[in-house]
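First up is the structure itself, then whatever we jot down about it.
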Amino acid sequence: MASGLRMRNYVLRRLLVAIPSLLIASFIVFTLPRLIPGDVVQLMLEEKAYGKDLEDLRAKLGLNRPIHVQYVDWLGAIARGDFGESLWTRQSVLSEVARRLPVTATLGVMAIAVAVAIGIPIGVIAATRQDGLLDFVARSAAILGLSVPAFVTAIVVTLLPAIWWGWTPPRFVAFSKDPAGHLVQFILPAIILGVASAAGIMRLTRGMLLEVLRQDYVRTAWAKGLRERVVVLKHALKNAVIPVVTVLGLQVATIAGGSVIIEWIFGIPGMGQFLVDAIVQRDYPVIQGINLVIVTIIVVTNLTVDVAYAVLDPRIRY
Amino acid sequence: MSRRSVDHDLSRRQVLKAGAGALALAVTGPQLAASPAEAQTPKRGGTLRLTVITDPLHFDPHQTISFATMVPLSFVYSRLLKVKAGPSVKPMTYPLEGDLAESWTQPNDTTYVFKLRKGVRWHPKPPVNGRELTADDVKYTYDRFLSIKGNANRPVLETVEKIEVLDKHTVKFTLAEPNAWFLDHLASTSTWIVAKECVEKFGDLKKVESAVGTGPWMLERWEPNVRLMYTRNPNYFVSGLPYADNVEVLIDKDPASRLASWLAGKTDFAPEYQQCVRWLELPLAKQRKPGLQTAEYAWFTSGSTGIKLGNPPFGDIRVRRALSRATNQAEIYESLAFSQGNWVPNPAVPAAHAEWSIPIDQLGPEGRKLYEFSIPEAKKLLAEAGFPNGFKTTVEAPGTGYGPDFDDSVQITLKNWKEAGIDAQLQLKEYGAFISSTIFGKFDQMFLGLRGAWTDPESYFYRIFMPGQPLNVMGVNDPKLTEMIKLQRRTLDVPKRKQIVFDIQRYLADQALFGSNGSVRVVSAWDAHIKNFMPNNGFDYGGRMMAAWIDK
């Protein structure tokens, strides 16, 4: 079978597997929020919970129906592109997600870019200077990066410049109002998020590269008299970064989780803050909508990673 | 001298110190370090910049009791009466004045007639478009307030039987029974006058576009989780006010970020609730901000211990007394970053209600003892109640939501209880679950939480100890107490009512239905260039900032 056809079949098979994954995920994201203790109707009515009011509101919100009926209705609505309304604000979940997703996506993409830009070059340098001063410094920095939680760095970066120089990171400004300012505001949070991920990438790159550099084909390359840059970057690195690509796929989930607290500290109105608020308020349609979007992104990312794997290493076929 | 007796002596001294602080607050009023603005000519213009700690849930004042909604609405709406604001009003006092009401009369015990200001116009925004406010708007608002499903503030006006429009600018309220607190209740920050057109157009008032009022500023923009922007209402009914053209309210949930914004000059007021700054951070703020103005006063909010009177052993008064004697408020408030030892003891009506809160030294002898921490006395009381070796129980508390200071206070409380022999197993509940179930009485034995920010003193005993009230989670049904509560509500003569309210607090302490308790003595702070401002308890940020001006 031709290589292109095999690849197409592979992608199709992976897409078919993704559908039941998404269905199972949709069931989980629908049922789990309802298992959290606390009743959204009582939360909405707060301390004066008149008995009849509770029942009326529950009926109005459609929460008095059997859960499987609610699930099927919700799934049908999702298929029609209707994510429902927030129980609290009556805003459309889809429009809220559409407004916040680009914010979190920008932060996530910039954080991954920072992680790659820092992690891979330093990993390469550390591997090629094994046990030297540069390697020692790089490994120490990586351990520091892994050890210090992003929220601690964020608080320090927010507070100390304000005390010393009266400076704070810029507050959120929408892209439509100030495109340059919009991007600039993400730099600091993206660096903080990215550095934590970069540490892991650096260590993995270093380890994999050291392993590859000891293989026969690399020794052959050295024997042919190729320059170090060519041996390392052209012959060794391509094979060494294959596991790194896998890790990058996983980093999407990690950064999505880390962005919750970073958005909180830097006042960035992304999906993270939206999700935390929704959980506290038991706003089921919002929790379900956001989680479904996140699950979909992660499934698609992993699919992309699998395909990238096959492209990077032609030997890999499933 | 044994360690315990040292603890006892220290604690008594500390409590006395705190009590002296409370007494000083009550006698001299709060401590103020604000620059006099009266001699200066107010300047028009500029933007007042402040932070709030959470995003509004929505914008319908009849669908929530949350400060997260009421504070943003305080810039937009008016009500019939309001708590007076400005530098002449000392924090912890709550004098009333007309807001939309120009005057009012009380022909009999159950009737109030309000004359509205003439020429008051709604904000020039759709769908109301600046039409004149009339008595019909008042009737529409309170009919909705009392009839809409899910208005948690309904008890505020539950004695209202009928509202009648007498003419375009006159409205009559008839109560089902005399209620001496009616005017105070009417000045609550839940009673904003809303526009019928907004409800009809939007279905309810939850959407930001529906926030159209008659208040000093118009809500121009809400960027969720980022900021609220207000512009001056050009037709505001108080001539010349407000002075500031704009208000920018930054929504910032992170305490470090909020503090940083203030220190860096991005906001004009201290970053915590009611423009407070943590005592721990006050020296730094003073160093960074020359001429910083401050006011110290007691907060309404305090800890709350809930017990099930119907469940043994809490029906035994000696056990309840032991719980109070084993609670060390001084240790709690000295250990917290927010208070740093600045606190006042509270009887049932918190000390922040300076006029209605009974001084601790005027409680009965048994009541006073509840405020004296003593492990040996607690043990003795438990032994008398038949628990010489103490007892085991469970206590629910929110795992998150009230912040790290509250979490620390729970740990200190449990440690001291355990020392007295009360082995309370902590059951952490998710915050949402806690506020939707535990505070309504869905707990086994005990809970630790926070209690109210009500601006009227009556709510602190009516809502909590009156049979049938949703917050009477202890199950109190004491005929003598109930009669006293009813009597004070019927007593229009203020000095007489005050005596009854004092008696109620004495009785609650004597019965150990309300014991050891305290509130933080907070410090509000604002920049040197902000003039004519004074903080106070309550959600009415807009009312207090209306006459503030910026000297830049």
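Chains A and B are the protein sequences, given in the same order.
Everything in the first sequence is counted per the numbering used here, starting at 1 for the first residue and increasing by one.
Everything in the second sequence is counted per the numbering used here, starting at 1001 for the first residue and increasing by one.
C-beta: ideal position from N, C-alpha, C; glycine also.
Q. Would LYS1531/B be called buried (16 or more neighbouring beta carbons within 10 Å of its own) or exposed?
A. For the purposes of this step, residue 1531/B is taken as the residue at position 531 of the second sequence. Buried, by the Cβ-count rule.
(Q) When you compare the CB of THR296/A with every CB in chain B, is at least one pair closer than 8 Å? (A) If you number the first sequence from 1, residue 296/A lands on position 296. It does not: the Cβ of THR296/A has no partner Cβ on chain B nearer than 8 Å.
(Q) Can you pull the chain B neighbours of ARG171/A, defined as C-beta to C-beta under 9 Å? (A) By 1-based counting over the first sequence, the position of residue 171/A is 171. What ARG171/A touches in chain B: VAL1226, ARG1227, LEU1250, ASP1252, SER1261, LYS1266.
Q: With distances taken Cα to Cα, identify the nearest neighbour of LYS1206/B among ILE1464/B, PRO1056/B, PHE1443/B, GLY1364/B.
A: Taking the first residue of the second sequence as 1, we reach residue 1206/B at position 206. Here the closest residue by C-alpha is PRO1056/B.
Q. Which residues in the same chain have their Cβ closer than 6 Å to the Cβ of PHE175/A, if we skip the five residues on either side of it in sequence?
A. Translated into the one-based positions of the first sequence, residue 175/A becomes position 175. Cβ within range, chain order: HIS182.
Q) For PHE1387/B, which option in ILE1332/B, VAL1344/B, LEU1280/B, ARG1320/B has the closest C-alpha, if you only look at C-alpha atoms? A) As a first step, residue 1387/B is located in the second sequence; it is residue number 387 there, counting from the start. Of ILE1332/B, VAL1344/B, LEU1280/B, ARG1320/B, the residue nearest in Cα terms is ARG1320/B.
Q: With distances taken Cα to Cα, identify the nearest neighbour of ALA18/A among ASN302/A, VAL173/A, PRO314/A.
A: Counting from one through the first sequence, the residue named residue 18/A turns up at place 18. Checking every option, the nearest Cα to that of ALA18/A belongs to ASN302/A.
Q) Hey, is VAL280/A's beta-carbon within less than 8 Å of any beta-carbon in chain B? A) Position 280 of the first sequence, counted from the start, is the residue given in the question as residue 280/A. It does; some Cβ of chain B falls within 8 Å.
Q. Would DSSP call GLU96/A helix, strand or coil?
A. By one-based count along the first sequence, residue 96/A stands at place 96. Note: GLU96/A maps to helix in three-state DSSP.
(Q) Rounding to the nearest angstrom, what Cα-Cα distance links LEU1250/B and MET1545/B in this structure? (A) Your numbering for residue 1250/B matches position 250 in the second sequence. Your numbering for residue 1545/B matches position 545 in the second sequence. Near 15 Å, if we compare the C-alpha coordinates of MET1545/B and LEU1250/B.
Q | Residue range of the unbroken alpha helix (DSSP H) whose run includes PRO1479/B | A | On the second sequence, position 479 is the one that residue 1479/B refers to. PRO1479/B -> alpha helix (DSSP H) spans 1479-1490.
Q.
With a threshold of 8 Å between beta-carbons, can GLU47/A be considered close to chain B, or not?
A. By one-based count along the first sequence, residue 47/A stands at place 47. Residue confidence for GLU47/A is low, a pLDDT of 46 falling below 50, so the modelled location carries little weight; the figure read from the coordinates is stated next. Yes, contact with chain B.
Q | Own chain, CB closer than 6 Å to MET1001/B, minus 5 neighbours either side, in chain order | A | Taking the second sequence and counting its residues from 1, the one referred to as residue 1001/B is at position 1. Note that MET1001/B scores a pLDDT of 32, beneath 50, so its modelled location is shaky; the value from the coordinates is reported in the next line. Excluding sequence neighbours, MET1001/B sits near nothing in its chain.
Q) What number of angstroms, rounded off, separates the C-alpha of LEU209/A from the C-alpha of ARG1227/B? A) Indexing the first sequence from 1 puts residue 209/A at position 209. Indexing the second sequence from 1 puts residue 1227/B at position 227. Each residue's Cα considered, the two are about 48 Å apart.
Q. For TRP1417/B, which of helix, strand or coil comes out of DSSP?
A. Translated into the one-based positions of the second sequence, residue 1417/B becomes position 417. Residue state, collapsed to three classes: helix.
Q) Do the CB positions of LEU312/A and LYS234/A come within less than 8 Å of each other? A) Translated into positions along the first sequence, residue 312/A becomes position 312. Translated into positions along the first sequence, residue 234/A becomes position 234. Cβ distance not < 8 Å, so LEU312/A and LYS234/A don't count as in contact.
Q: Report the neighbours of TYR1431/B on chain A: residues whose CB is nearer than 8 Å to its CB, in chain order.
A: Your numbering for residue 1431/B matches position 431 in the second sequence. Those are VAL280, listed as they occur along chain A.
Q.
Which same chain residues end up closer than 7 Å to THR1553/B when comparing Cβ atoms and leaving out the 5 residues on each side of it in sequence?
A. Since the first residue of chain B shown is 1001 and the last is 1552, residue 1553/B is not available in this structure.
Q | Length of the line joining the Cα atoms of PHE1391/B and GLY1421/B | A | The count along the second sequence starts at 1 and reaches residue 1391/B at position 391. The count along the second sequence starts at 1 and reaches residue 1421/B at position 421. Distance between the alpha carbons of PHE1391/B and GLY1421/B is about 6 Å.
(Q) Using a Cβ-Cβ distance cut-off of 8 Å, determine whether GLY267/A contacts chain B. (A) The residue labelled residue 267/A in the question sits at position 267 within the first sequence. So yes, GLY267/A belongs to the interface.
Q. To which residues of the same chain is ILE287/A closer than 8 Å at the C-beta, ignoring the five residues directly before and after it?
A. For the purposes of this step, residue 287/A is taken as residue 287 along the first sequence, with counting starting at 1. Closer than 8 Å at the Cβ level, and outside the excluded window around ILE287/A, lie VAL29, PRO33, LEU275, ALA278, ILE279.
Q: Return the chain-ordered list of same chain residues with a C-beta closer than 7 Å to the C-beta of LEU1023/B, the five sequence neighbours on each side being excluded.
A: Taking the second sequence and counting its residues from 1, the one referred to as residue 1023/B is at position 23. The pLDDT assigned to LEU1023/B is 48, lower than 50, so where the model puts this residue is not dependable, and the model offers no usable value.
(Q) I'd like the ranges of any beta strand (DSSP E) spanning at least 3 consecutive residues and lying wholly in the segment 237-290 of chain A. (A) none
(Q) Residues in the same chain with beta-carbon distance under 6 Å from THR304/A, minus the five sequence neighbours each way, listed in chain order, please. (A) For this step, residue 304/A is matched to residue 304 along the first sequence. So no residue of the chain qualifies.
(Q) Using 8 Å as the threshold, is the C-beta distance between TYR1297/B and ARG1521/B below it? (A) Here residue 1297/B refers to the residue found at position 297 when the second sequence is read from its first residue. Here residue 1521/B refers to the residue found at position 521 when the second sequence is read from its first residue. Their beta carbons are under 8 Å apart, which means TYR1297/B touches ARG1521/B by this criterion.
**Q.** C-beta neighbour in chain B for ASP277/A, strict 8 Å
**A.** Taking the first sequence and counting its residues from 1, one reaches residue 277/A at position 277. It does; some Cβ of chain B falls within 8 Å.
Q: Could you list the residues in the segment 1136-1170 of chain B with a C-beta less than 8 Å from some C-beta on chain A, going in chain order?
A: LYS1149, GLY1150, ASN1151, ALA1152, ASN1153, ARG1154, PRO1155
Q: Determine which residues share a DSSP beta bridge with GLN1274/B and list them.
A: For the purposes of this step, residue 1274/B is taken as residue 274 along the second sequence, with counting starting at 1. GLN1274/B pairs with nothing; no bridge assigned.
Q: Consider the Cβ of ASP1055/B: report whether some Cβ of chain A lies at a distance smaller than 8 Å.
A: By 1-based counting over the second sequence, the position of residue 1055/B is 55. Yes, its Cβ sits closer than 8 Å to a Cβ of chain A.
Q.
Which residues in chain A have a C-beta closer than 9 Å to the C-beta of LEU1284/B? List them in chain order.
A. Sequence index remark: in the second sequence, residue 1284/B carries index 284 (1-based). Near LEU1284/B (Cβ distances below 9 Å), the residues of chain A are ILE163.
Q) Per the contact definition of three or more C-beta pairs closer than 8 Å, is the segment 1423-1441 of chain B in contact with the segment 1285-1295 of chain B? A) no
Q.
Using only the alpha-carbon positions, how far apart do SER92/A and GLY1150/B sit?
A. Position 92 of the first sequence, counted from the start, is the residue given in the question as residue 92/A. Position 150 of the second sequence, counted from the start, is the residue given in the question as residue 1150/B. Answer to the nearest angstrom: the Cα atoms are 22 Å apart.
(Q) Is the beta carbon of LYS1118/B closer than 8 Å to that of ALA1187/B? (A) Sequence index remark: in the second sequence, residue 1187/B carries index 187 (1-based). Sequence index remark: in the second sequence, residue 1118/B carries index 118 (1-based). No, these two residues do not count as a Cβ contact at 8 Å.
Q | Contact check, GLY1213/B vs TYR1431/B, beta carbons under 8 Å | A | Along the second sequence, one-based indexing puts residue 1213/B at 213. Along the second sequence, one-based indexing puts residue 1431/B at 431. Cβ atoms of GLY1213/B and TYR1431/B: not closer than 8 Å.
Q. Is the beta carbon of THR106/A sitting closer than 8 Å to the one on MET271/A?
A. The sequence position of residue 106/A within the first sequence is 106, counting from 1. The sequence position of residue 271/A within the first sequence is 271, counting from 1. No. Outside cutoff.
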